[in-house]
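Numbered per our numbering, the sequence shown finishes at 1269, counting up by one with no gaps.
Note that the Cβ used here is the ideal one computed from N, Cα and C, for glycine as well.
Given the structure is predicted, the values throughout are model-derived calculations rather than measurements.
Step one of this worksheet: look at the structure below.
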Amino acid sequence: MIDRGVIPSLFTLGNLVCGFVALSFVAEGRYVPAAWLLLLAAALDNMDGRLARLIGTDSKFGIEFDSLADVCTFGVVPAFMLYHSLLHSPWGAVVAACFLLAGASRLARFNVISHEEGEKGEFFMGLPIPSAAIVLTQYIVYTERTWDTIHAAQFGIALVVLLSLLMVSRVEYDPVPNFRSSALRDRLKVVYFLISVGLILHPATSREIFFPLAMLYIASGLYRRLCGMFSSEITQHA
(Lines of atoms letter the chains of each structure in order from A and count residues from 1; the text may use other names and numbers.)
(Lines give C-alpha, C1' and ligand atoms only; values in the text may rest on other atoms or scores of the structure.)
Protein backbone atom coordinates (compact mmCIF):
# COMPACT_ATOMS: atom_id res chain seq x y z
CA MET A 1 0.00 0.00 0.00
CA ILE A 2 1.31 3.47 -0.92
CA ASP A 3 2.15 5.75 2.00
CA ARG A 4 -0.36 8.61 1.91
CA GLY A 5 2.50 11.06 2.42
CA VAL A 6 3.73 10.19 -1.07
CA ILE A 7 0.46 11.14 -2.78
CA PRO A 8 1.01 14.95 -2.83
CA SER A 9 4.51 14.38 -4.21
CA LEU A 10 3.01 12.48 -7.13
CA PHE A 11 1.18 15.67 -8.13
CA THR A 12 4.46 17.57 -7.81
CA LEU A 13 6.11 14.99 -10.06
CA GLY A 14 3.29 15.49 -12.55
CA ASN A 15 3.98 19.22 -12.46
CA LEU A 16 7.67 18.58 -13.20
CA VAL A 17 6.92 16.15 -16.03
CA CYS A 18 4.54 18.68 -17.61
CA GLY A 19 7.32 21.23 -17.46
CA PHE A 20 9.82 18.95 -19.17
CA VAL A 21 7.41 17.98 -21.95
CA ALA A 22 6.45 21.65 -22.41
CA LEU A 23 10.15 22.49 -22.74
CA SER A 24 10.51 19.92 -25.51
CA PHE A 25 7.49 21.43 -27.29
CA VAL A 26 9.04 24.90 -27.07
CA ALA A 27 12.27 23.59 -28.59
CA GLU A 28 10.19 22.34 -31.53
CA GLY A 29 8.37 25.68 -31.87
CA ARG A 30 5.06 24.22 -30.68
CA TYR A 31 4.08 27.01 -28.32
CA VAL A 32 0.35 26.33 -28.00
CA PRO A 33 0.62 22.80 -26.52
CA ALA A 34 3.48 24.02 -24.32
CA ALA A 35 1.26 26.79 -22.93
CA TRP A 36 -1.58 24.33 -22.26
CA LEU A 37 0.80 21.99 -20.45
CA LEU A 38 1.76 24.83 -18.14
CA LEU A 39 -1.92 25.24 -17.31
CA LEU A 40 -2.10 21.55 -16.39
CA ALA A 41 1.08 21.92 -14.35
CA ALA A 42 -0.44 24.89 -12.50
CA ALA A 43 -3.52 22.81 -11.65
CA LEU A 44 -1.31 20.01 -10.32
CA ASP A 45 0.76 22.54 -8.37
CA ASN A 46 -2.37 23.91 -6.73
CA MET A 47 -3.61 20.44 -5.84
CA ASP A 48 -0.44 19.07 -4.24
CA GLY A 49 -0.32 21.65 -1.46
CA ARG A 50 -4.05 21.51 -0.79
CA LEU A 51 -3.97 17.72 -0.68
CA ALA A 52 -0.99 17.69 1.67
CA ARG A 53 -2.79 19.98 4.12
CA LEU A 54 -6.04 18.03 3.75
CA ILE A 55 -4.50 14.68 4.70
CA GLY A 56 -2.04 16.18 7.17
CA THR A 57 1.17 15.28 5.35
CA ASP A 58 2.57 18.75 4.60
CA SER A 59 6.30 18.86 5.35
CA LYS A 60 9.49 20.82 4.70
CA PHE A 61 10.44 18.23 2.09
CA GLY A 62 7.16 18.80 0.27
CA ILE A 63 7.64 22.58 0.28
CA GLU A 64 11.20 22.33 -1.04
CA PHE A 65 10.32 19.70 -3.65
CA ASP A 66 7.38 21.77 -4.83
CA SER A 67 9.55 24.87 -5.20
CA LEU A 68 12.22 22.98 -7.15
CA ALA A 69 9.54 21.71 -9.52
CA ASP A 70 8.04 25.19 -9.82
CA VAL A 71 11.31 26.90 -10.72
CA CYS A 72 11.80 24.35 -13.51
CA THR A 73 8.25 24.38 -14.85
CA PHE A 74 7.19 27.98 -14.26
CA GLY A 75 10.61 29.61 -14.39
CA VAL A 76 12.73 27.85 -17.01
CA VAL A 77 9.97 26.98 -19.51
CA PRO A 78 8.42 30.48 -19.89
CA ALA A 79 11.86 32.12 -19.99
CA PHE A 80 13.04 29.73 -22.71
CA MET A 81 9.76 30.13 -24.60
CA LEU A 82 10.16 33.92 -24.64
CA TYR A 83 13.76 33.62 -25.82
CA HIS A 84 12.96 31.00 -28.46
CA SER A 85 9.93 32.82 -29.89
CA LEU A 86 10.54 36.57 -29.66
CA LEU A 87 13.95 37.46 -28.19
CA HIS A 88 16.37 35.15 -29.97
CA SER A 89 19.57 37.08 -29.21
CA PRO A 90 22.15 37.35 -26.40
CA TRP A 91 20.35 40.36 -24.94
CA GLY A 92 17.08 38.49 -25.29
CA ALA A 93 18.54 35.70 -23.20
CA VAL A 94 19.41 38.23 -20.50
CA VAL A 95 15.85 39.61 -20.48
CA ALA A 96 14.38 36.11 -20.31
CA ALA A 97 16.77 35.22 -17.48
CA CYS A 98 15.40 38.15 -15.45
CA PHE A 99 12.03 36.40 -15.36
CA LEU A 100 13.68 33.18 -14.15
CA LEU A 101 15.69 34.97 -11.45
CA ALA A 102 12.66 36.88 -10.17
CA GLY A 103 10.62 33.68 -10.05
CA ALA A 104 13.34 31.83 -8.14
CA SER A 105 13.56 34.72 -5.66
CA ARG A 106 9.77 34.67 -5.22
CA LEU A 107 9.87 30.94 -4.42
CA ALA A 108 12.78 31.35 -1.99
CA ARG A 109 10.87 34.06 -0.12
CA PHE A 110 7.76 31.88 -0.05
CA ASN A 111 9.76 29.02 1.49
CA VAL A 112 11.21 31.28 4.19
CA ILE A 113 7.75 32.60 5.07
CA SER A 114 6.30 29.07 5.10
CA HIS A 115 8.98 27.84 7.51
CA GLU A 116 8.65 30.86 9.82
CA GLU A 117 4.88 31.42 9.82
CA GLY A 118 3.42 28.03 8.95
CA GLU A 119 -0.06 28.39 7.43
CA LYS A 120 -0.54 30.64 4.41
CA GLY A 121 -2.43 33.90 4.79
CA GLU A 122 -5.52 35.09 2.98
CA PHE A 123 -3.48 36.49 0.08
CA PHE A 124 -0.28 35.69 -1.79
CA MET A 125 2.47 38.23 -1.14
CA GLY A 126 3.76 39.01 -4.60
CA LEU A 127 2.52 37.54 -7.86
CA PRO A 128 2.81 33.71 -7.70
CA ILE A 129 5.23 32.30 -10.27
CA PRO A 130 2.61 29.95 -11.84
CA SER A 131 0.39 32.96 -12.56
CA ALA A 132 3.31 34.91 -14.02
CA ALA A 133 4.27 31.93 -16.17
CA ILE A 134 0.75 31.53 -17.52
CA VAL A 135 0.50 35.24 -18.36
CA LEU A 136 3.82 35.23 -20.21
CA THR A 137 3.22 32.04 -22.19
CA GLN A 138 -0.34 33.02 -23.08
CA TYR A 139 1.00 36.38 -24.28
CA ILE A 140 3.31 34.55 -26.69
CA VAL A 141 0.41 32.42 -27.96
CA TYR A 142 -1.80 35.52 -28.23
CA THR A 143 0.70 37.52 -30.29
CA GLU A 144 1.44 34.71 -32.75
CA ARG A 145 -1.69 35.65 -34.73
CA THR A 146 -2.28 39.26 -33.82
CA TRP A 147 1.02 41.17 -33.71
CA ASP A 148 4.19 41.34 -35.78
CA THR A 149 7.37 40.03 -34.16
CA ILE A 150 8.99 43.43 -33.53
CA HIS A 151 6.06 44.92 -31.61
CA ALA A 152 5.43 41.63 -29.81
CA ALA A 153 9.06 41.53 -28.69
CA GLN A 154 8.98 45.13 -27.44
CA PHE A 155 5.83 44.61 -25.41
CA GLY A 156 7.18 41.23 -24.26
CA ILE A 157 10.19 42.93 -22.69
CA ALA A 158 7.91 45.38 -20.88
CA LEU A 159 5.73 42.49 -19.71
CA VAL A 160 8.76 40.60 -18.35
CA VAL A 161 9.80 43.68 -16.37
CA LEU A 162 6.27 44.06 -14.96
CA LEU A 163 5.89 40.39 -14.04
CA SER A 164 9.37 40.21 -12.52
CA LEU A 165 8.76 43.25 -10.33
CA LEU A 166 5.36 41.94 -9.23
CA MET A 167 6.80 38.55 -8.28
CA VAL A 168 9.35 40.07 -5.90
CA SER A 169 6.99 42.81 -4.68
CA ARG A 170 4.65 42.84 -1.69
CA VAL A 171 1.56 43.36 -3.84
CA GLU A 172 -1.17 40.99 -2.62
CA TYR A 173 -2.94 38.57 -4.95
CA ASP A 174 -5.96 36.37 -4.42
CA PRO A 175 -5.56 32.59 -4.41
CA VAL A 176 -7.97 30.25 -6.22
CA PRO A 177 -11.57 31.31 -5.33
CA ASN A 178 -13.14 29.76 -2.25
CA PHE A 179 -16.16 27.89 -3.63
CA ARG A 180 -17.54 27.23 -0.14
CA SER A 181 -17.65 30.85 1.00
CA SER A 182 -20.97 32.70 1.00
CA ALA A 183 -19.37 36.16 1.05
CA LEU A 184 -20.31 38.38 -1.91
CA ARG A 185 -16.65 39.07 -2.71
CA ASP A 186 -15.84 35.37 -2.91
CA ARG A 187 -18.95 34.68 -4.98
CA LEU A 188 -17.91 37.33 -7.51
CA LYS A 189 -14.48 35.70 -7.72
CA VAL A 190 -16.10 32.34 -8.37
CA VAL A 191 -18.28 33.82 -11.13
CA TYR A 192 -15.22 35.42 -12.77
CA PHE A 193 -13.31 32.14 -12.44
CA LEU A 194 -16.08 30.03 -14.01
CA ILE A 195 -16.69 32.48 -16.86
CA SER A 196 -12.96 32.56 -17.55
CA VAL A 197 -12.72 28.77 -17.62
CA GLY A 198 -15.70 28.55 -19.98
CA LEU A 199 -14.23 31.08 -22.41
CA ILE A 200 -10.80 29.49 -22.25
CA LEU A 201 -12.10 26.00 -22.97
CA HIS A 202 -14.10 27.19 -25.97
CA PRO A 203 -11.87 26.50 -29.01
CA ALA A 204 -13.10 29.59 -30.89
CA THR A 205 -12.08 32.04 -28.16
CA SER A 206 -9.31 30.40 -26.12
CA ARG A 207 -6.29 31.89 -27.92
CA GLU A 208 -7.79 35.37 -28.19
CA ILE A 209 -9.37 35.70 -24.74
CA PHE A 210 -6.97 33.98 -22.35
CA PHE A 211 -4.24 36.63 -22.25
CA PRO A 212 -6.63 39.57 -21.67
CA LEU A 213 -8.35 37.62 -18.87
CA ALA A 214 -4.98 36.82 -17.31
CA MET A 215 -4.07 40.51 -17.39
CA LEU A 216 -7.23 41.27 -15.42
CA TYR A 217 -5.80 39.11 -12.63
CA ILE A 218 -2.53 41.05 -12.82
CA ALA A 219 -4.47 44.31 -12.61
CA SER A 220 -6.48 43.10 -9.59
CA GLY A 221 -3.43 43.06 -7.35
CA LEU A 222 -2.32 46.50 -8.49
CA TYR A 223 -5.85 47.83 -7.96
CA ARG A 224 -5.92 46.48 -4.40
CA ARG A 225 -2.52 48.02 -3.73
CA LEU A 226 -3.60 51.43 -5.01
CA CYS A 227 -6.84 51.30 -3.03
CA GLY A 228 -4.88 50.39 0.09
CA MET A 229 -2.47 53.29 -0.41
CA PHE A 230 -5.35 55.70 -1.07
CA SER A 231 -7.28 54.61 2.03
CA SER A 232 -4.13 54.93 4.15
CA GLU A 233 -3.63 58.52 2.98
CA ILE A 234 -7.26 59.36 3.81
CA THR A 235 -6.84 57.87 7.30
CA GLN A 236 -3.63 59.84 7.91
CA HIS A 237 -5.24 63.13 6.85
CA ALA A 238 -8.49 62.55 8.75
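Tell me which residues share the same chain as residue i and place their Cβ nearer than 7 Å to its Cβ, disregarding the 5 neighbours each side in the sequence.
i, result
"Ile1094", "Asn1142 and Ser1145"
"Val1126", "Leu1118, Ile1188 and Val1191"
"Val1052", "Leu1068"
"Phe1096", "Ser1040 and Thr1043"
"Ala1133", "Ser1195, Met1198 and Val1199"
"Val1102", "Gly1134, Ala1135 and Leu1138"
"Gly1045", "Leu1075"
Would you identify the three-state DSSP class for residue i, choosing helix, strand or coil?
i, result
"Ser1040", "helix"
"Glu1287", "Because residue 1287 is not part of the residues shown, which for the chain are 1032 to 1269, the question remains open."
"Ser1162", "helix"
"Asp1101", "helix"
"Trp1067", "helix"
"Thr1177", "helix"
"Ile1094", "helix"
"Ser1116", "helix"
"Thr1168", "helix"
"Gly1087", "coil"
"Arg1061", "coil"
Taking the DSSP output, what are the residues bridged to residue i?
i, result
"Met1156", "Glu1203"
Could you check which residue in the options has the C-alpha nearest to that of residue i?
i, options, result
"Leu1054", "Leu1044, Ala1066, Arg1081 and Thr1043", "Ala1066"
"Leu1113", "Ile1086, Ser1090 and Ala1058", "Ala1058"
"Gly1181", "Arg1255, Gly1123 and Tyr1248", "This sequence places Ile at residue 1181; Gly is not what is there. For Ile1181, the nearest C-alpha among the options comes from Gly1123."
"Ala1183", "Arg1084, Ser1116 and Arg1061", "Ser1116"
"Phe1042", "Leu1082, Val1052 and Trp1178", "Leu1082"
"Pro1109", "Leu1194, Gln1185 and Asp1097", "Leu1194"
"Met1156", "Glu1175, Thr1174 and Ser1136", "Ser1136"
"Ser1098", "Leu1085, Phe1111, Asp1076 and Ile1086", "Asp1076"
"Leu1131", "Ser1120, Glu1153, Pro1121 and Phe1105", "Phe1105"
"Asp1079", "Leu1158, Val1037 and Gly1050", "Val1037"
"Phe1111", "Asp1089, Phe1056 and Lys1091", "Phe1056"
"Leu1047", "Pro1064, Ile1086, Tyr1062 and Ala1100", "Ala1100"
"Phe1154", "Gly1252, Gly1050 and Asp1089", "Gly1252"
For residue i, decide whether its Cβ has a neighbour in chain B, counting only Cβ atoms nearer than 9 Å.
i, result
"Leu1253", "Chain labels in this structure do not include chain B; a single protein chain is all it has."
Skipping 5 residues on each side, what residues in its chain have a beta carbon closer than 8 Å to that of residue i?
i, result
"Glu1150", "Caution applies to Glu1150, whose pLDDT of 49 falls short of 50 and renders its modelled position unreliable; the model cannot decide the point."
"Cys1129", "Val1191, Val1192 and Ser1195"
"Arg1256", "Val1202 and Glu1203"
Can you list, in chain order, the residues of its chain with a C-beta nearer than 6 Å to that of residue i? Leave out the 5 residues immediately preceding and following it.
i, result
"Phe1242", "Gln1169, Tyr1170 and Tyr1173"
"Pro1121", "none"
"Val1063", "Val1172"
Cβ contact (3+ pairs, closer than 8 Å) linking the segment 1058-1073 and the segment 1162-1172: Segments in contact, yes.
Validate contact between the segment 1195-1209 and the segment 1155-1167 using beta carbons, cut 8 Å, 3 pairs: The answer is yes - the segment 1155-1167 touches the segment 1195-1209, with three or more Cβ pairs under 8 Å.
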